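Colleague:
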Amino acid sequence: MKFGVIVFPGSNCDLDAYHLVRDVLKEKVEYIGCDRRSLGDYDVLILPGGFTYGDYLRSGAIAARTPVMEAVAGFAERGGLVLGICNGFQVLTEAGLLPGALCRNGSLQFRCRQVYVRVDNNSLPFTNLAAAGEVLRMPVAHGDGSYYAPPELLQELDRNGQVVFRYADQDGRTNTEANPNGSIDNIAGVSNRSGNVVGLMPHPERAGEKALGSVDGLVIFKSLIGHFQSREVVVDA
Amino acid sequence: MPEQEKAGTDKPEKLWRKLGLSNHEYEVIVEQLGREPSPVELNMYSVMWSEHCSYKHSRSSLKLFPTGGPRVVQGPGENAGVVDIGDGYAAVFKIESHNHPSAVEPYQGAATGVGGILRDIYTMGAQPIAFLNSLRFGPPDNARGRYLFAGVVAGIGGYGNCVGVPTVGGEVYFEPCYRGNPLVNAMCVGVMPLERLVLGKACGEGNLVVLAGARTGRDGIHGVTFASEELSDQSEKDRPAVQVGDPFLGKLLIDATLEAVDRKLVAGVQDLGGAGLTCALTETASRAGTGLEVDLEKVPLREEGLEPFEILTSESQERMLFIVEPQRLEELEEIFRHWELPLTVLGRVSAGKMVTVRYHGEIVAEVPAESVAGGSPEYEPESREPVYFRELAAFDPLGLPPVEDRGKTLLDLLSAPDVASKEWVWQQYDYMVRTCTLEGPGGDAAVLRLRESGKALAVAVDGNGRHAYLDPRLGGMLAVAEATRNLSCSGAEPIGITDCLNFGNPEKPEMFWQFRQAVEGMAEACRVLEVPVVGGNVSFYNEVEDEAIYPTPVVGAVGLLEKADQHCGIGFCAEGNLICLIGPHHISLGGSQLLKTIFGRVAGSPAGIDLSEEKKVQAFLRRLVAGKLIMSAHDLSDGGLGVAVAESCLKGGTGAVLDLPSSPRPDLDLFGEGPSRVLVSIRPADLEDVSKQAGEAGVRLSELGWTGGKKLEINCGGSRVVGLELEAMKKAYEEVFSWMMK
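Sequence order for the protein chains is H and F.
Residue numbering for the first sequence follows my numbering, beginning at 164 and increasing consecutively.
Residue numbering for the second sequence follows my numbering, beginning at 6 and increasing consecutively.
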């Protein structure tokens, strides 16, 4: 299988995602420039974190209008798997590929710290190796991570199992202290209706090696690989 | 800025004083030029002969620093120092101040400080991998103080987070003397293959002079002149002298420049920082011994109507100068087109040693590069010991009543802004991007793995203004010793330092005395510890209305770990380990955090340092880490043993029991401060081995107690002097800033 990491001007976690897939997971991975209008034979596309176009206007807003995003939309339309991390999540909401919006953190400050997230839908190709309600430890690093959706949309997301990750404490309880940015309903990540596009603010690619303090993020990547290759993924992290 | 617009067109004889040059300096210019300078030329001289660019009051003292060594590839004089780290790679690093801009516009001042030091690193061809910073403010007990503190922190994060380079460490101290003149020292560390090194030299007659990056505007005109004067209540009006950063453009410029360097398309690279285009043109020519001819009207402008002198002295950010062989231009243009960055040929390298600047065909300046870049007079300022020095040294802190409630005192120290956890600060910095951060902020040194070689770099920044104020010479030594000791605590061998020397007005003999003493102390420590100074920065005139800051030498140190997975942190990570103190018992309350926090005094003499002992302690520590014989190591600093043991408990989430010998002054034992002291935890099975090695190394090792439980208990001669729950210490240590900065 093959991953593609989409690089916009100002992306800065592209290297981290690339490194994890190539050096830790030992899978094929390529960078994809944002001026590309068509995509190759990728199985999973990753939109990495960073400050695309300086996050000027609104976070992710300008990147969402680059040529490659039309190709990404087509890829998603055909059922391709797309994972947006941090700024990549913001780009996907701005592009209309994911519901809701990401607003300024409640603290009005950038926040970099370890958080716990609870897997609230483990039936997706992104999460099917996680246990129901499994709690993962990984970092956040963002200024605009407060997820928002209006009440009727929230109900719909819940009904459809589109809330994939919620900020929680170590024991899986959602509460204010566990929420680093004031996001509504402690939402940390969502999917589209058909479950093939997922975005989350925390960084699973930064939680893939023991040396970095957590390997909990690997479950997401292992799930994706397992989806394409019916083999157990053994990783020396 | 009407005054400066006028400055460009006035007759020169009225001009040089306004531009900050002395009558004597003007005479030297006339002599070196062989004629009266034109107004544009005088502007060029004025920015390059400012203290900030010319180091005219510090140059002779800086020669005291040892700058060579087997690993040194490039010492001071280039954009950054370069040190060989083996396997064909080099570490590139430098620290620089942005104090005055941050005093009037904290967010942009700090942001462009970060952007400026970043350019110095990738200009050499290195991939930036880490930022650190050293900050000083007035106490955050008033709105203005909090505004400066919050603004600077936000600015550092705003730039660093966006460019994708982790901010992994630093220090913050608060003293009334920094109230009107905060210190913002930013350090950047990069790594590159040695063969990619590119210097800021305009080599090769006929090569093209190319300007890339942002358009030039009116921001930061004469910023270096502003940085070379004392601040006053009028300084607010100098806000236009502060540059404005664009980190997005900065990020594109890194990517484009490194690609160009990687493809060997450029013969020389120089960033545009202080003194803007003038500095870049004259320094590159001067270093190469060549001349340059440029057409100023080709510089892309942000707005119409800039005068030639403004174009030459603007400090607009995110600009680079390249020296390019003509046949390489097309490829270079292609890269910059891809990144959507402007790139313009301004002129070419010429024979001779003159920088000739034309504006629409007319010569507006024709100056010898070496004269402008390096011809300024070198001063040997008068030096006089200040009256306060002996007065304060005579103060004996042991004459004060002993502190009785040591538990409460420890909590007070843990919640003192100087000591308390700076998480409020560093959670605003992305310290993990690039996924190489093995140890982040909050320890003695940060550790970054090098994917290329399996090695790691440790980095730390240290300085103590109070110590340097009370004894500048000793303060200089202590800064070098502490920064390198922090590296050794992580297991890394110090391979080089960069220094940022923050002082008052050097034209005042007492201020210059502080400077000279501190430099002598630092130089001596560097010689004994065998660590070279490979670059740095001097910031003088840190005074507001005649009140100077504490002399504040800050040391940024870089160390090498042969194996990335063999590094040591500060936290007690397991129960049942022995706690030992490595190093001497020579301590003092002079200049201590206890004296400041509890008694509100900055006086007395800090404990002196035996540099050869320091060297032995550091070498011993590195041996222990490499042999996996210690589980934690934490340098004793502000607040002495009491604070250090509390920090190791909190970091590892494990309590401790210490049994100290009986003492007439337990408060001195607990909170006295002295150099060369490190608290370690050891598995019981390893004690014999460690003791034996300590004996061989000639280093003192004292058993103090055990790790375990959820409390910190300290007994002195069998009686309890401290008994605190970890939760209570955690609250004191971690909640101060979030509460104070609400």
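Positions of the beta carbon are idealized from the N, C-alpha and C atoms, including for glycine.
In this text the structure is predicted, and so the values were computed from the model without any measurement.
Taking buried to mean at least 16 other C-beta atoms within 10 Å of its own C-beta, is Gly-251 (chain H) buried or exposed?
Modeller: It is buried - the Cβ of Gly-251 (chain H) has at least 16 other Cβ atoms within 10 Å.
Colleague: To which residues of the same chain is Glu-201 (chain F) closer than 7 angstroms at the C-beta, ignoring the five residues directly before and after it?
Modeller: The question names Glu, but residue 201 (chain F) is Arg in the sequence shown. Within the same chain, Arg-201 (chain F) has close Cβ partners Gly-130, Val-266 and Asp-267.
Colleague: For a contact defined as C-beta to C-beta under 8 angstroms, what are the partners of Tyr-219 (chain H) on chain F?
Modeller: Neighbours of Tyr-219 (chain H) on chain F, chain order: Phe-253.
Colleague: By the 10 Å Cβ neighbour count, where 16 or more other Cβ atoms means buried, how is Gly-242 (chain H) classified, buried or exposed?
Modeller: It counts as exposed.
Colleague: So Gln-433 (chain F) and Ala-159 (chain F) are supposed to be a Cβ contact under 8 angstroms. How far apart are they, rounded?
Modeller: About 7 angstroms; that satisfies the 8 angstroms criterion.
Colleague: Out of F:Tyr-436, F:Pro-671 and F:Asp-694, which has the shortest C-alpha to C-alpha gap to Gly-163 (chain F)?
Modeller: For the residues F:Tyr-436, F:Pro-671 and F:Asp-694, the minimum Cα distance to Gly-163 (chain F) belongs to F:Tyr-436.
Colleague: Once DSSP output is grouped into helix, strand and coil, what is the label at Phe-273 (chain H)?
Modeller: Phe-273 (chain H) falls in the coil class under three-state DSSP.
Colleague: Consult DSSP for Ser-66 (chain F) and reduce its assignment to one of helix, strand or coil.
Modeller: If DSSP states are grouped into helix, strand and coil, Ser-66 (chain F) belongs with the helices.
Colleague: Counting pairs of Cβ atoms below 8 angstroms between the stretch 665 to 684 of chain F and the stretch 607 to 624 of chain F, do you hit three or more?
Modeller: Enough Cβ pairs lie closer than 8 angstroms, so yes.
Colleague: Pull up the distance between the alpha-carbon of Glu-10 (chain F) and that of Pro-171 (chain F), whole angstroms please.
Modeller: Here the model assigns Glu-10 (chain F) a pLDDT of 40, short of 50, so the residue's position is not dependable and the matter cannot be decided.
Colleague: Can you check DSSP and say which residues form a bridge with Ile-584 (chain F)?
Modeller: DSSP output for Ile-584 (chain F) lists F:Ser-686 and F:Gly-710 as bridge partner(s).
Colleague: Please confirm whether Arg-454 (chain F) has its beta-carbon closer than 8 angstroms to some beta-carbon of chain C.
Modeller: Of the protein chains in this structure, namely H and F, none is chain C.
Colleague: In the stretch 266 to 277 of chain H, which residues sit with their C-beta less than 7 angstroms from some C-beta in chain F, listed in chain order?
Modeller: Correct list: Gln-272, Phe-273, Arg-274, Cys-275 and Arg-276.
Colleague: Should Val-35 (chain F) be labelled buried (16 or more other beta-carbon atoms within 10 Å of its own) or exposed?
Modeller: By the neighbour-count rule (16 or more Cβ atoms within 10 Å), Val-35 (chain F) is not buried but exposed.
Colleague: Nearest by alpha-carbon distance to Leu-220 (chain H): which of H:Ala-234, H:Ile-209, H:Ala-239 and H:Gln-253 is it?
Modeller: Considering only alpha carbons, the answer is H:Gln-253.
Colleague: Within 8 angstroms (strictly less), CB to CB, does Leu-655 (chain F) reach chain H?
Modeller: Chain H, which has no Cβ nearer than 8 angstroms to the Cβ of Leu-655 (chain F), makes this no.
Colleague: Helix, strand or coil for Ile-719 (chain F) per DSSP?
Modeller: DSSP places Ile-719 (chain F) in strand when its eight states are reduced to three.
Colleague: With His-305 (chain H) as the anchor, note down where its alpha helix (DSSP H) starts and where it stops.
Modeller: Note, His-305 (chain H): premise wrong, no alpha helix (DSSP H); beta strand (DSSP E) at 298 to 305.
Colleague: Mind checking who Met-192 (chain F) pairs with in its DSSP beta bridge?
Modeller: According to DSSP, Met-192 (chain F) bridges with F:Ile-100 and F:Leu-137.
Colleague: Could you tell me whether the Cβ of Trp-744 (chain F) comes closer than 8 angstroms to any Cβ of chain H?
Modeller: Not an interface residue.
Colleague: Alpha carbon to alpha carbon, how far is Ala-638 (chain F) from Met-301 (chain H)?
Modeller: Approximately 26 angstroms between the Cα atoms of the pair.
Colleague: Are Ala-465 (chain F) and Leu-453 (chain F) close, meaning C-beta to C-beta below 8 angstroms?
Modeller: Taking 8 angstroms as the Cβ cut-off, Ala-465 (chain F) and Leu-453 (chain F) do not qualify as a contacting pair.
Colleague: Is it buried or exposed for Lys-99 (chain F), if we count other Cβ within 10 angstroms and need 16 for buried?
Modeller: With 16 or more other Cβ atoms within 10 Å, it is buried.
Colleague: Does DSSP classify Ile-248 (chain H) as helix, strand or coil?
Modeller: In this structure, Ile-248 (chain H) counts as strand in the three-state DSSP scheme.
Colleague: Just to make sure I have the definition right: I need the residues of chain F whose C-beta is within less than 9 angstroms of the C-beta of Phe-214 (chain H). Which are they?
Modeller: Near Phe-214 (chain H) (Cβ distances below 9 angstroms), the residues of chain F are Asn-166, Cys-167, Val-168, Gly-169, Pro-252, Phe-253 and Lys-256.
Colleague: Alpha carbons only, please: which of F:Arg-521, F:Glu-371, F:Gly-470 and F:Ala-425 is nearest the one belonging to Arg-389 (chain F)?
Modeller: Comparing Cα-Cα distances from Arg-389 (chain F) to each of F:Arg-521, F:Glu-371, F:Gly-470 and F:Ala-425, the minimum goes to F:Arg-521.
Colleague: What are the complete beta strand (DSSP E) segments, minimum 3 residues, inside the stretch 421 to 454 of chain F?
Modeller: With a minimum length of 3 residues, the continuous beta strand (DSSP E) runs that stay inside the stretch 421 to 454 of chain F are 442 to 444 and 451 to 454.
Colleague: For Leu-600 (chain F), tell me which candidate among F:Cys-167, F:Thr-295, F:Asp-417 and F:Glu-298 has the shortest Cα-Cα distance.
Modeller: Among F:Cys-167, F:Thr-295, F:Asp-417 and F:Glu-298, the Cα nearest to that of Leu-600 (chain F) belongs to F:Asp-417.
Colleague: Between the stretch 292 to 307 of chain F and the stretch 17 to 33 of chain F, do three or more beta carbon pairs fall short of 8 angstroms?
Modeller: Counting Cβ pairs under 8 angstroms, fewer than three are found: no touch.
Colleague: Looking at the structure shown, is Gln-519 (chain F) part of a helix, part of a strand, or coil, going by DSSP?
Modeller: In this structure, Gln-519 (chain F) counts as helix in the three-state DSSP scheme.
Colleague: Whose Cβ in chain H lies nearer than 7 angstroms to the Cβ of Gly-162 (chain F)?
Modeller: Those within 7 angstroms of Gly-162 (chain F) in chain H are Phe-273.
Colleague: Please report the residue range of the beta strand (DSSP E) in which Ala-331 (chain H) lies.
Modeller: Run containing Ala-331 (chain H): 326 to 331, per the beta strand (DSSP E) assignment.
Colleague: In terms of residue numbering, what span does the beta strand (DSSP E) encompassing Glu-498 (chain F) cover?
Modeller: Run containing Glu-498 (chain F): 498 to 507, per the beta strand (DSSP E) assignment.
Colleague: If I'm right that Ala-96 (chain F) touches Val-560 (chain F) with Cβ under 8 angstroms, what's the distance once you round it to whole angstroms?
Modeller: Ala-96 (chain F) to Val-560 (chain F), Cβ: 16 angstroms. No contact.
Colleague: Nearest-angstrom Cα distance between Glu-567 (chain F) and Ser-610 (chain F)?
Modeller: So the alpha carbons of these two residues sit roughly 38 angstroms apart.
Colleague: Could you pull out every residue in the same chain whose Cβ sits closer than 6 angstroms to the Cβ of Val-360 (chain F), ignoring the five residues on either side in sequence?
Modeller: For Val-360 (chain F), where only same-chain residues beyond five positions count, the Cβ hits under 6 angstroms are Leu-286, Thr-287, Ala-290, Leu-297, Val-372 and Ala-374.
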